[in-house]
Amino acid sequence: MNTAAITAVGHYAPEKVVPNSYFESYLDTTEEWIMSRTGIRERRFLENGATSDLAVEAARKALAMRGISPEEVECIIIATVTPDMFFPSTAALVQHKLGAKNAWGFDLSGACSGFLYALATGVQFIQAGTYTKVLVIGADKMTSIVDMEDRNTCILFGDGGAAVLLEPNEEEGYGIIDWVNYMDGSGMEALHMKAGGSLRPSTLETVQNKMHYITQDGKAVFKVAVVGMADVSVEIMKRNNLKSEDIAWLVPHQANMRIIQSTADRMGLDMDHVMVNIDRYGNTTAATIPSCLAEYHADGRLKRGDNIVLASFGAGYTWGASLIKWSI
Ligand code: UT7
């Protein structure tokens, strides 16, 4: 069986930087509250365009890094909860904008675990020998579904996109070694969008009642996320007989610095083995994990042979972890 490896990475952060002080200017909040409760200092807002634009920019960077043309891509999987529109898929829009005319693809809705779900899906095409070039993208324009008057949520999220290219592994023992994903739909109450879907199609009333924004019981999500993300990270270590000292990097979903720290503690990792960019981007949902990979790779902080644990927890509830032996 072929194994799949990440052979290129790309991250796109929109230009507009929004510091915590912006929210202090019109909401009952403070820069200190946001920083101390979340670890977020600033985030990026996409002023023009949509999720597909974030995805295309990220994909272009990944393809440029690998030195291949868009025509060589065979499949595009986009993890997002903020598709440009219900249909066609964001993957179709990205395929067109990118000029990836030989690719098909689809969107995948896994919220904050979307990238890990998409990665596990993309890996199947490579392992089966069906394809040799699959683009897996996490992209979200969270500002399109955040109520900017709700201090409980608007401070948390940002816009961003990040992409990885999956190809068959050339050397045994490298690439995506293992993954485990979970879901518990009873978590819907704590984190969801009330209207705009088939349950409650958009009406004047749903718009007036702000039902097209994120509804989150932050405290409830925090409680399960802090346990769930740590549990699944420890599980993937145990399944693969890895001790703390064997892990070069934890790449956690960037929702809250306290959840990240607690996961690292449970894994027995110092924070200098944990990828963090929540301070600069906030929670970009499906883009957080690949954005960390791309940034740390660009900085030269990833070494071939590094054991890397990716871990997430989010709406659904959805959660998961993947183990990679870095190969580039
Ligand atoms: O990626 C998707 C998954 N989502 C998550 O993982 C998010 C998980 N949850 C969290 O990260 C945290 O629960 C939050 C950052 C959302 C909130 O932090 P918290 O420490 O759990 O605060 P809290 O919700 O318990 O609120 C504490 C207080 C409340 O006031 P009272 O009721 O104690 O008077 C809130 O109203 O802080 C208040 N508060 C704020 N104060 C200033 C809530 N938001 C703000 C704010 N500024 N922006």
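Under my numbering, read the sequence shown as residues 2 to 329, first letter to last.
Every residue gets a Cβ at the ideal spot worked out from N, C-alpha and C, and that includes glycine.
Practice prompt. Could you pull the start and end residues of the alpha helix (DSSP H) that Gly229 belongs to?
Written response: 219–240
Worksheet entry | Spatially closest choice to Lys304 from Asp29, Ile329, Val137, by CA coordinates | Ile329
Discussion item. I want to check one thing, is the minimum distance from the CB of Lys102 to the heavy atoms of ligand 1 below 7 Å?
Written reply: no
Practice prompt. With a threshold of 7 Å, establish whether the CB of Ala287 neighbours any heavy atom of ligand 1.
Written response: no
Fill in: Arg152 in three-state terms, based on DSSP
coil
Discussion item. Given this structure, state the Cα-to-Cα distance separating Ser114 from Gln209, to the nearest angstrom.
Written reply: 30 Å
Discussion item. For Ala80, list the residues DSSP reports as bridge partners.
Written reply: Leu109, Gly139
Practice prompt. Return the chain-ordered list of same chain residues with a C-beta closer than 8 Å to the C-beta of Ser90, the five sequence neighbours on each side being excluded.
Written response: Ile79, Pro84, Gly106, Phe107, Asp108
Item to complete: If I'm right that Gly11 touches Ala59 with Cβ under 8 Å, what's the distance once you round it to whole angstroms?
Response: 5 Å
Fill in: Exposure label - Thr264; buried when at least 16 CB within 10 Å
buried
Worksheet item: Would Lys1 be called buried (16 or more neighbouring beta carbons within 10 Å of its own) or exposed?
Response: Because the chain is modelled from 2 through 329, residue 1 falls outside the range shown and cannot be assessed.
Worksheet item: For Ala14, which of helix, strand or coil comes out of DSSP?
Response: coil
Worksheet item: Does the beta-carbon distance from Gly40 to Ile290 come in below 8 Å?
Response: no
Item to complete: Jot down the residue ranges of each uninterrupted alpha helix (DSSP H) in the region 19–49, minimum 4 residues, whole runs only, in chain order.
Response: 21–25, 32–39
Worksheet item: Does at least one heavy atom of ligand 1 sit under 7 Å from the Cβ of Val222?
Response: yes
Practice prompt. Assign Tyr297 to one of two classes, buried (16 or more other C-beta atoms within 10 Å of its C-beta) or exposed (fewer than that).
Written response: buried
Practice prompt. Could you please give the first and the last residue of the uninterrupted alpha helix (DSSP H) stretch that includes Pro71?
Written response: Taken as a continuous stretch (DSSP letters only), Pro71 belongs to no alpha helix (DSSP H), as it is neither H nor E.
Discussion item. Counting C-beta neighbours from all protein chains within 10 Å, is the total for Lys211 16 or more, i.e. buried, or is it exposed?
Written reply: exposed
Fill in: Cβ neighbour criterion (16 or more within 10 Å) applied to Asp54
buried
Practice prompt. Along the beta strand (DSSP E) that carries Tyr297, what are the first and last residues, could you check?
Written response: Careful: Tyr297 lies outside any beta strand (DSSP E), inside the alpha helix (DSSP H) at 289–299.
Practice prompt. Using alpha carbons as the reference points, say which of His213, Val18, Asp185, Ala56 lies closest to Ala92.
Written response: Ala56
Item to complete: Take the Cβ of Gln255 as the centre, count every other Cβ of all protein chains shown within 10 Å, and call the residue buried at 16 or more, exposed below.
Response: buried
Item to complete: Mind checking who Tyr282 pairs with in its DSSP beta bridge?
Response: Beta-bridge pairing links Tyr282 to no other residue.
Fill in: Distance between beta carbons of Val225 and Tyr118, contact taken as under 8 Å
Not confirmed; about 18 Å, so no contact.
Discussion item. Taking 8 Å as the limit between beta carbons, can you name the residues of its chain near Leu47, skipping five residues before and five after?
Written reply: Pro15, Lys17, Asp54, Leu55, Lys142, Thr144, Asp160
Practice prompt. State the Cα-Cα distance for the pair Asn49 and Leu94, rounded to the nearest angstrom.
Written response: 16 Å
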